[in-house]
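Notes follow the structure.
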Amino acid sequence: MSSQDQLKALRVRIDSLDEKLLELISERARCAEEVARVKMSSLKPGESPVFYRPEREAWVLKHIMEINKGPLGNEEVARLFREIMSSCLALEYPLKVAYLGPEGTFTQAAALKHFGHAVISLPMAAIDEVFREVVAGAVNFGVVPVENSTEGAVNHTLDSFLEHNLVICGEVELRIHHHLLVGENTRTDKISRIYSHAQSLAQCRKWLDAHYPSVERVALSSNADAARRVKSEWNSAAIAGDMAAQLYGLTKLAEKIEDRPDNSTRFLIIGNQEVPPIGDDKTSIIVSMNNKPGALHALLMPFYENGIDLTRIETRPSRCGKWTYVFFIDFVGHCHDPLVKSVLERLSQEVVALKVLGSYPKAVL
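As numbered in UniProt numbering, the sequence shown has no gaps in its residue numbers, which increase by one up to the final residue, 365.
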């Protein structure tokens with residue numbers, strides 16, 4: 001058989017497989033519609049339906065990755081299923097998700113990575129506005145950055161948890177790649193100003209020192225705002241990501257200019273619903289301690305004695321008095337786990353205040 005005949009046969013097979021895939025995806029979508037019908041019919045008077053279940057979606061993605069035999073990689077397969085689930089969920093109930101805007105930010109990229117492209121994503125001007133939209137019920141969930149592997153904690157997010165009573169429903173990690181972007185009118189030999197968010201400028205500090213040491217660096221509210229600003233300017237450039245470059249039609253003058261190749265940002269999904277355990281969970285708490293010798297040691301000892309893995313601890317001013325602080329702690333486990341439950345009960349007897357921000361599945365993607 002000639003190569004042309006082989007290609008023709010393979011294309012016929014691919015067409016047949018595509019038709020079967022479409023049939024299966026359509027069947028899955030019809031099942032999603034039936035799920036919505038069953039949920040609505042089983043509601044008690046005054047009860048609101050819960051269409052999006054973070055633990056269920058995390059379990060499905062983890063399961064798909066566990067049984068995947070290739071040749072597509074686990075993350076690629078999971079992304080495909082994420083989009084299928086996103087579209088099917090939109091048939092049940094289109095989710096509204098607020099994120100730190102404007103359009104083209106890494107936070108929007110994180111929102112789409114976690115929820116898929118079928119959600120209604122709404123940009124907010126500030127992190128606190130994302131919290132307020134969720135509290136008010138204007139959106140179902142919010143997405144906010146909480147820490148970067150290079151620059152550390154995002155304090156605005158931590159402080160917002162002190163002011164608002166919301167639950168952490170999930171997390172998503174995003175590899176951050178920064179590019180130096182220019183507009184079509186830019187004279188690349190005359191660049192005198194580089195715009196970006198302050199954290200992005202910090203994450204590219206060494207590269208900028210080496211390539212543009214005398215160029216002014218201007219911090220703006222977001223990378224997307226920087227990209228939008230340089231679109232029509234002739235003497236400036238922006239540091240931003242792929243989404244901003246595509247959205248504003250900019251050219252990459254240099255790619256992946258971040259100082260650390262493993263530069264990543266962790267984002268939190270905030271909402272109002274508690275999330276049941278899936279067996280691979282994390283919990284976030286806020287603790288307020290008395291200012292006395294050994295207070296921190298007493299706080300950490302129950303975790304150590306029970307073998308609970310702490311993944312992060314941050315300190316912020318408590319706003320309840322001068323030189324008083326609260327601790328933000330992340331650890332492995334779910335608040336419904338007997339061991340974790342007993343540690344939290346012990347802590348509550350020793351601290352001034354303890355607030356569980358939420359237990360949620362570890363980031364799958």
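In this text, a Cβ means the ideal position worked out from N, Cα and C, and glycines have one as well. Computed from a prediction, not measured in an experiment: that's the story for all the values here.
Residue i to residue j span [Cα, whole Å]
i    : j    : result
Q246 : L339 : 48 Å
E258 : D330 : 27 Å
V167 : H197 : 27 Å
N155 : P317 : 10 Å
V287 : S160 : 15 Å
E57  : A210 : 44 Å
Y304 : N263 : 29 Å
L43  : S348 : 35 Å
D15  : L24  : 14 Å
R346 : F115 : 36 Å
L296 : T315 : 11 Å
A237 : T105 : 16 Å
R53  : G142 : 15 Å
S342 : C88  : 39 Å
W59  : H164 : 29 Å
Residue i classed as buried or exposed, judged by whether at least 16 other C-beta atoms fall within 10 angstroms
i    : result
Y248 : buried
P293 : exposed
G358 : buried
E33  : exposed
R319 : exposed
G152 : exposed
M124 : buried
Whole-angstrom C-beta distance between residue j and residue i, which should lie under 8 Å
i    : j    : result
L100 : L181 : Not confirmed; about 19 Å, so no contact.
V77  : T107 : The pair is not a contact, with the Cβ atoms about 25 Å apart (cut-off 8 Å).
Y93  : A136 : So it is not a contact: roughly 18 Å between Cβ atoms.
Bridge partners - residue i, DSSP secondary structure assignment
i    : result
G152 : N148
D262 : In the DSSP output, where bridge partners are listed per residue, D262 has none listed.
L220 : H197
S284 : D330, G358
P317 : Y325
V352 : For V352, which the question treats as bridged, DSSP gives no partner whatsoever.
Own chain, CB closer than 6 Å to residue i, minus 5 neighbours either side, in chain order
i    : result
K362 : D280, K282
Y212 : none
R229 : Y195
Residues of its chain near residue i, where Cβ-Cβ distance is below 7 Å and the 5 sequence neighbours each way are ignored
i    : result
V139 : K96, V97, A98, L122, E133
N68  : N74, V77
K113 : V172, L174, L365
L72  : none
M40  : P49
V352 : S288, M289, N290
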